[in-house]
Amino acid sequence: MNNNAKFIVFEGIDGSGKSTQIRLLAEALAERGIKTHHSAEPTSYPTGKAIREVLSGRVKVTDDELAVMFATDRANHNKNQDNGIEALLSQGITAISDRYYYSSLAYQGVQIGLPRVMQLNLENPDIRRPDLCIFLDLEPEESLRRIEARHLSAEIFETYEYLDKTRKTFVGVIDLLRERGENIVCINAAASIEGIAEAVLSAALKLWEN
Ligand code: ADP
Ligand code: MG
0 MNNNAKFIVF EGIDGSGKST QIRLLAEALA ERGIKTHHSA EPTSYPTGKA
50 IREVLSGRVK VTDDELAVMF ATDRANHNKN QDNGIEALLS QGITAISDRY
100 YYSSLAYQGV QIGLPRVMQL NLENPDIRRP DLCIFLDLEP EESLRRIEAR
150 HLSAEIFETY EYLDKTRKTF VGVIDLLRER GENIVCINAA ASIEGIAEAV
200 LSAALKLWEN
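With numbering that gives the first Met the number 0, letter number 37 in the sequence shown gets 36, and the count goes up by one each step, no holes.
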């Protein structure tokens with residue numbers, strides 16, 4: 000790619016501050032003349048809507064089918080001509096994704112085992128490796144407090160046990176992917192919004208240094 004656009008991913012359990020920090024990072028990068036676009040997984044494409052039907056409990060599929068649906072949606076997120084990651088990068092726009100394959104490895108990894116989820120994601124040539132993953136690490140107790148304060152309907156993943164297991168799996172996944180050469184920055188998400196934003200911006204700006 001003949002431009003300086005980057006692909007940045009935010010990860011962390013529900014309530015860890017992904018949406019908040021993505022907004023603040025986009026603003027801070029805009030002030031520095033860096034154009035960004037953010038999108039979330041599951042996507043707003045039909046492949047992502049199908050996943051939301053499953054997460055809400057309206058449609059039942061097997062755990063393996065759900066993992067395949069996530070990988071398919073992710074490949075579509077990369078390749079879609081309508082603001083997909085590759086399309087953005089080729090226009091010089093930095094792409095920010097709210098969740099990516101780290102979430103699949105953590106959530107679906109708990110359900111069907113890591114090797115299968117790694118195969119579906121890391122061996123798929125349509126699923127690009129990010130330039131940076133920012134992992135917002137939060138205790139499940141605080142996550143649940145924030146989710147409750149937000150008054151959102153709980154999806155099937157939002158119980159203490161599940162959040163706790165997922166957080167631990169997330170931490171394991173991060174170690175594993177770091178060993179595979181991924182650029183992952185882990186930030187304590189219990190800190191203040193401003194403090195986290197500063198750490199996020201400093202990690203992101205390193206991508207444009209050399
Ligand atoms: P996520 O997108 O990861 O689910 P959000 O950014 O939506 O998380 O944050 C969840 C809730 O917690 C929101 O109400 C938000 O205002 C609040 N919040 C986010 N970051 C912090 C923080 N560092 N400290 C306290 N509350 C926070
Ligand atoms: Mg969010």
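Cβ atoms here follow ideal geometry from the backbone N, Cα and C, with glycine treated the same way.
Nearest-residue set for the ligand ADP, Cβ under 5 angstroms from any heavy atom: Every residue passing the under-5 angstroms Cβ criterion appears here: ASP13, GLY14, SER15, GLY16, LYS17, SER18, THR19, ARG145, ARG149 and ILE192.
Opposing strand residues paired with ASP136 [DSSP bridges]: Looking at the DSSP assignment, ASP136 forms a beta bridge with ASN187.
Reference GLU138; option with closest CA among LYS59, TYR101, ASN209 and TYR161: Nearest in C-alpha terms to GLU138, of all of LYS59, TYR101, ASN209 and TYR161, is TYR161.
Among GLY56, ARG179, GLY47 and GLY112, nearest to ARG98 - alpha-carbon criterion: Nearest option by C-alpha distance: GLY47.
VAL8: first and last residue of the uninterrupted beta strand (DSSP E) it sits in: The continuous beta strand (DSSP E) containing VAL8 extends over residues 6-10.
Helix, strand or coil at SER55 [DSSP, three-state]: In this structure, SER55 counts as coil in the three-state DSSP scheme.
Classification of LYS5 by the beta-carbon crowding that lies within 10 angstroms, buried from 16 upward: The residue in question, LYS5, is buried, as its Cβ has 16 or more Cβ neighbours within 10 Å.
Proximal residues to LEU143 (C-beta, below 8 angstroms), its chain only, five neighbours per side dropped: Excluding positions up to five away in sequence, the list reads GLY14, GLU157, TYR159 and LEU162.
Among PHE169, GLY194 and LYS34, nearest to ILE183 - alpha-carbon criterion: Considering only alpha carbons, the answer is PHE169.
Classification of ARG22 by the beta-carbon crowding that lies within 10 angstroms, buried from 16 upward: With fewer than 16 other Cβ atoms within 10 Å, it is exposed.
Residues near ASN1 in its chain [Cβ-Cβ closer than 7 angstroms; skip 5 each side]: Residue placement at ASN1 is poorly supported in this model, since its pLDDT is 44, which falls under 50; the coordinates still yield a value, given next. Within the same chain, ASN1 has no close Cβ partners at all.
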